[in-house]
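Here the structure comes first, spelled out in structure tokens, and everything after it is commentary.
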Amino acid sequence: MRKQLAVILVAAMALASCNNVEVVDGVKIQKHEHDDSAAKLKEGDIITFDLVIKNDADSTIKDSRKEGKPLQDLVPPAAPAGAFKGSFENGLRLLAVGDSATIFVPVDSLFKDANQPVPPFLKRGTDVRFIVKIKKSQSRAEFEKEMTKLSAEQTGKDAKLIEAYVANSGKKFTKTSTGLYVSISNPGVGEGPKMGESWEVNYIGTFLDGKEFDKGAGVAMPPVGQLVPGFNEALMLLKKGGKGTFVIPSALGYGAQGAAPRIPANAILVFELEVLSKK
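Taking mature numbering (1 follows the signal peptide of the UniProt record, and there is no 0), I'd label the letters of the sequence shown as residues -16 to -1, 1 to 263.
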């Protein structure tokens, strides 16, 4: 019994010490889960992590868990001599895979060199809390290998879903060399959008199930080349007055990152598009 009590007390003491706020290498940090024997994250490695950002009033500014996808970023180099050391990025260098911690960053330091006012949900003299959970760490080579594999798998999934959609659409589609599916009802006449040009268009964007996520009438689009690849290509396949339906695989759209909150990860997009006039 005494032995069991001793184990419990040691565990409790370890947890308590892990939950103390401390300053390490200039970083104000509170470690919730930490393995001293694990190797710390290495500069240049790519980490996958959950992140919750809160202000001093405990209001949530961001929660990657609710967005349905963890974040990924490079482990940064150490702060140069004379630079602010208490950043979130420097705090990451103190952690290992499996660790969770809260990194406290002063609002004043965050906005010291920014040419913008402090937003109303933050107060000077307080800390922004970055609550992080490290899920995975990979070398660049390991990361690229995994991304290549996942991309190939997603391309296969997209193709099956799009082929089923096309078969039931009642329209005739062709597939371009990039993988864009095209059904042009009216090619238009005269000049058409070129790289770097801005054109006014009508459009409706839906998912394969028909759910609408965006639309616009007489909208001046950003210059061709600044949109997702599939939409850039679709625009340049039409001339003035042209109309068409375009199915954009996820790799030519917003990819695995999506565009929260409207576009989920790996979303296939369908656009009804009409080109009006050059802006």
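All C-beta atoms in this analysis are idealised placements derived from N, C-alpha and C, irrespective of residue type, glycine included.
Whole-Å CB distance - residue i paired with residue j, under 8 Å assumed
{"i": "Val116", "j": "Val91", "result": "18 Å between Cβ atoms; not a contact."}
{"i": "Gly172", "j": "Gly209", "result": "Actually they do not touch by this definition, with Cβ atoms about 20 Å apart."}
{"i": "Tyr238", "j": "Ala251", "result": "6 Å"}
{"i": "Ile87", "j": "Phe105", "result": "Going by Cβ atoms, the distance from Ile87 to Phe105 rounds to 18 Å, so no, they are not a contact pair."}
{"i": "Lys24", "j": "Leu78", "result": "7 Å"}
Beta carbon of residue i nearer than 8 Å to that of residue j
{"i": "Lys199", "j": "Tyr187", "result": "yes"}
{"i": "Ile118", "j": "Phe33", "result": "yes"}
{"i": "Val5", "j": "Gly70", "result": "no"}
{"i": "Glu63", "j": "Ala22", "result": "Reading off the sequence, residue 63 comes out as Ala, not Glu. For Ala63 and Ala22, no; Cβs fall outside 8 Å."}
{"i": "Lys263", "j": "Glu184", "result": "yes"}
{"i": "Gly189", "j": "Leu253", "result": "yes"}
{"i": "Leu257", "j": "Leu222", "result": "yes"}
{"i": "Phe68", "j": "Tyr165", "result": "no"}
{"i": "Ile45", "j": "Asn39", "result": "yes"}
{"i": "Ala235", "j": "Ala249", "result": "no"}
{"i": "Glu17", "j": "Ser93", "result": "no"}
{"i": "Gly28", "j": "Val59", "result": "yes"}
{"i": "Ser43", "j": "Leu35", "result": "no"}
{"i": "Leu260", "j": "Gly174", "result": "no"}
{"i": "Phe157", "j": "Phe215", "result": "no"}
{"i": "Val102", "j": "Phe95", "result": "yes"}
{"i": "Asn74", "j": "Asp9", "result": "yes"}
{"i": "Lys133", "j": "Asn170", "result": "no"}
{"i": "Ile146", "j": "Pro233", "result": "yes"}
Residue interval of the alpha helix (DSSP H) (run including residue i)
{"i": "Glu137", "result": "124 to 151"}
{"i": "Leu55", "result": "Note, Leu55: premise wrong, no alpha helix (DSSP H); beta strand (DSSP E) at 55 to 58."}
{"i": "Pro213", "result": "213 to 220"}
Beta-bridge pairing of residue i - partner residues as DSSP gives them
{"i": "Gly200", "result": "Tyr187"}
{"i": "Tyr238", "result": "Tyr238 pairs with nothing; no bridge assigned."}
{"i": "Val5", "result": "Gln14"}
{"i": "Ile45", "result": "According to DSSP, Ile45 bridges with nothing at all."}
{"i": "Thr229", "result": "Ser167, Glu256"}
{"i": "Phe33", "result": "Leu55, Ile118"}
{"i": "Thr160", "result": "In the DSSP output, where bridge partners are listed per residue, Thr160 has none listed."}
{"i": "Ala243", "result": "Ile247"}
{"i": "Lys224", "result": "Val173"}
{"i": "Lys262", "result": "Trp183"}
{"i": "Lys38", "result": "Thr44, Arg113"}
What are the start and end residues of each continuous alpha helix (DSSP H) run of 4 or more residues lying completely inside the stretch 69 to 114, in chain order? 72 to 76, 91 to 94
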